[in-house]
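Residue numbers (mature numbering (1 follows the signal peptide of the UniProt record, and there is no 0)): -24 to -1, 1 to 344.
Using N, Cα and C, we set each Cβ at its ideal position, and we do this for glycine too.
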Amino acid sequence: MNTILRPVAVALLAVAAAFSAACAMPGRNDAESYSMADFSQVRKFDAHVHANTPDPAFLEQARADGFELLSINVDYPDFPSIARQHAAALALAARDPTRFHWATTFSMKGFGTPGWADRVDAKLARDVAAGALAVKVWKNVGLAERGADGKLIMLDDPGLAPVAEQVRALGVALIDHQGEPRNCWLPLDQMTTDNDREYFSKHPEYYMYLHPEMPRYEELMAVRDRFVAAHSKLRFVGAHLASLEYDVDRIAAFLDRFPDASVDMAARMSQVQYQSVRDREKVRNFFIRYQDRLLYGTDLTYGPDADPAEFRREAHAAWVSDWRYLATGESQHVDMIGADVPGLALPRAVIDKIYYANARRVFARSGR
Ligand SMILES: [Zn+2]
């Protein structure tokens, strides 16, 4: 019987092999890198943007460039209110639910008063039921919000533990922006990038080097690590390379210590480029080694006052520049660090993960 069936099985295997070969890209070798021409064709996911208006221009550019978006609502005073961000997210998700995704957040107002955590937990449950794929905690925790005793509320405050537990129970990720780039604690002439130098010289109120009474960089990192250790089953995403952007070895140590954590690259590409100009192979090897733990993201922000055409050009330019750097071997000049930066030419299989598959996994809703 086996001898009769065998030719059939062999024929079926041959058909299956031909089918899978036809499905793969012709002549594709996953160890090779993509080219600039591949940019709009490859499926991509920007895991850290802020669409703060229901205007569809951001979504339209994402469609043109082959991106899905995760728009993150934030308790940030310079943004529209959380309620308006929420309304914008719902409107855009209704327009294109397969391309537009969103993360919710919560206000720290009333923290420490009776019922605060219950009210936040109920809101997060409603938002996840409405489609939110993650919950954002912003840097106001650790650097701005104060409790009734006048002390800064830190991320590992026991009062925040029930909220972290609720995020875990809801089966979504927690995106945490802790602290600031390390440059924020350094004198201007020791900072690594011009964008930090400009930002902190124009915003002395946020420039921690000038505020020795505020928490130190290492203190905030230690607080965050205690929080992640205490909530090991939580899907934790460290925004902005977990504020360890200045040294890929520090990011590696964080990812090694916390196997369920991942980090997004939003608004920190120039910091990575600063390092790869000095040691390209080291940075390239970091991306390859941690290819399952890194999420592509930009921090592109589209507000209600922005010009739609101008924003579309800005978004396209940012996405193309990052693609040139990560996916191809082509060089480009990066003004923020005043250097010509050769691309990393990461293998296609690595690009497919950091640009898409990792985000789909981290922002999948588990157990629902
Ligand atoms: Zn952001």
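Check: How would you call residue 345, buried or exposed, if buried means at least 16 neighbouring beta carbons within 10 angstroms?
Finding: In the structure as shown, the chain begins at -24 and stops at 344. Residue 345 is therefore absent and cannot be evaluated.
Note to self: My parser needs the alpha helix (DSSP H) runs of 4 or more residues fully inside the segment 160 to 192; what are they?
What the structure shows: 170 to 178
Next item on the list: Can you grab the Cα-Cα spacing for the pair A321 / D172, in whole Å?
Entry: 27 Å
Item checked: beta-carbon I58 near ligand 1 non-hydrogen atom, thresh 7 Å -> no
Notebook entry, point to check: When you compare only the Cα positions, how much space is there between D132 and K209?
Noted result: 15 Å
Margin query: Output needed for L162: all residues of its chain with C-beta closer than 8 Å, excluding positions within five of it in sequence on either side, in chain order.
Written below: Y185
Item checked: C-alpha gap between Y331 and F21, whole angstroms -> 6 Å
Check: Would you say the beta carbon of D275 comes nearer than 7 Å to a heavy atom of ligand 1?
Finding: yes
Item checked: As assigned by DSSP and simplified to three states, the class of D316 -> strand
Next item on the list: Take A120 and list the residues in its own chain whose beta-carbon comes closer than 8 Å to its own, dropping the five residues that flank it on each side.
Entry: L128
Check: Going by DSSP, which residues form a beta bridge with K20?
Finding: F43
Notebook entry, point to check: Counting Cβ pairs closer than 8 Å, one from the segment 268 to 286 and one from the segment 231 to 240, do we hit at least three?
Noted result: yes
Check: Cβ-heavy atom distance between A242 and ligand 1 below 7 Å?
Finding: yes
Margin query: Comparing C-alpha positions only, which one of L68, M245 and F82 sits nearest to N49?
Written below: F82
Checklist line | Nonlocal neighbours in the same chain, by C-beta distance under 7 Å from S9, ignoring five residues either side | finding: A303, T304, G305, A321, L322, P323 and R324
Next item on the list: Report the residue from F234, Y301 and Y175 whose alpha carbon sits nearest the alpha carbon of V253.
Entry: Y301
Check: If you draw a straight line from the alpha carbon of E36 to that of G123, how long is it in whole angstroms?
Finding: 42 Å
Item checked: Candidates I313, V143 and H309, of which the one nearest A105 by Cα -> V143
Checklist line | V50 in three-state terms, based on DSSP | finding: coil
Item checked: Three-state class that DSSP yields for F34 in the structure shown -> helix
Notebook entry, point to check: For I151, which of helix, strand or coil comes out of DSSP?
Noted result: strand
Margin query: Taking its Cβ as the centre, do 16 or more other Cβ atoms sit within 10 Å of T89, making it buried, or is it exposed?
Written below: exposed
Notebook entry, point to check: Who are the Cβ neighbours of L231 in its own chain at under 6 Å, not counting the five residues just before and after it?
Noted result: Y266 and R269
Item checked: Cβ neighbours of A103 in the same chain (closer than 7 Å, five flanking residues each side left out) -> This sequence places Asp at residue 103; Ala is not what is there. For D103, where only same-chain residues beyond five positions count, the Cβ hits under 7 Å are T80.
Notebook entry, point to check: Is the beta carbon of H77 sitting closer than 8 Å to the one on K115?
Noted result: no
Check: Under a CB-based cut-off of 8 Å, is A110 close to chain B?
Finding: No chain B appears in the structure shown, which is made up of a single protein chain.
Checklist line | Of the residues R260, R256, D97 and S11, the one placed nearest M84, counting alpha carbons only | finding: D97
Note to self: Taking 7 Å as the cut-off, is the C-beta of H26 nearer than that to any heavy atom in ligand 1?
What the structure shows: yes
Check: If you scan the segment 261 to 329 from start to end, which runs of the alpha helix (DSSP H) of 4 or more residues do you find wholly inside it?
Finding: 284 to 303 and 324 to 328
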